Amino acid sequence: MISEKLQKAINEQITAEMWSANLYMSMSFYMQKEGLDGCAVWLKKQSEEELGHAYDMAAYMMKRGGVAKVDKVDVVPQSWDGALGVFENVYSHECNVSKMIENLVKIASEEKDMATQDFLWGYVREQVEEEATAQDILEKIRKAGKSAMLFIDDKLGQRK
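This is the structure:
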């Protein structure tokens, strides 16, 4: 059985994952409007991945006898300062998500819930990859400048 404290924290994370999904969807729409369809595809896949995390966390919690809840999801930004602004935000956001996941692990540890710690460590490992990927894209955009952005856009559009 999962503790009330941990249940509350995971439900907050579910809401945060849904917010992240909306953020990436908004970014995808923005990039498509800017004519960077490859970036839009990459961001759409990020949105889908975040929503998958919310479902995964809810399913895990229910397996442990908890109650998954959907809370109000706040409004997300609607525009950025070009591709550089978008991916600066992506990197910053992923660093913030890492801190939230680490806090969940801390709570699970305090609650002496080893199963939840194990479950959450998968997300800790995933966040290492998410931060590295976002940072890599951001650095490529910074180095390339506007003239090479179309090449980067094409590469991001190939994400499976």
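Counting from 1170, one number per residue, gives the positions in the sequence shown under this note's numbering. All residues carry an ideal CB built from backbone N, CA and C; glycine is no exception. Because the structure is a prediction, the values reported are computed rather than measured.
- The continuous alpha helix (DSSP H) containing residue 1307 extends over residues 1283-1313.
- Taking 9 Å as the cut-off, the Cβ atoms of residue 1180 and residue 1228 do not count as close.
- The beta carbons of residue 1258 and residue 1246 sit closer together than 9 Å.
- For residue 1221, the enclosing alpha helix (DSSP H) stretches over residues 1206-1232.
- Cβ contact annotation for residue 1311 (same chain, cutoff 8 Å, sequence separation greater than five): 1253, in chain order.
- Ranked by Cα distance from residue 1262, the options 1219, 1235, 1328, 1202 are led by 1219.
- At the C-beta level, residue 1205 and residue 1193 stay beyond 9 Å of one another.
- Annotated three-state conformation of residue 1173 is helix, per DSSP.
- For residue 1277, the uninterrupted alpha helix (DSSP H) segment begins and ends at 1251-1279.
- The C-beta of residue 1239 has fewer than 16 other C-beta atoms within 10 Å across all chains shown, which makes the residue exposed.
- For the options 1191, 1288, 1299, the alpha carbon positioned closest to that of residue 1175 is the one of 1288.
- Going by beta carbons, residue 1282 and residue 1208 fall outside the 9 Å limit.
- With a threshold of 16 other beta carbon atoms within 10 Å, residue 1256 meets it and is buried.
- In terms of CA proximity to residue 1251, 1201 leads the group 1201, 1184, 1303.
- Counting only residues of its own chain and dropping the five nearest sequence neighbours on each side, residue 1191 has a CB closer than 8 Å to the CB of 1216, 1242, 1245.
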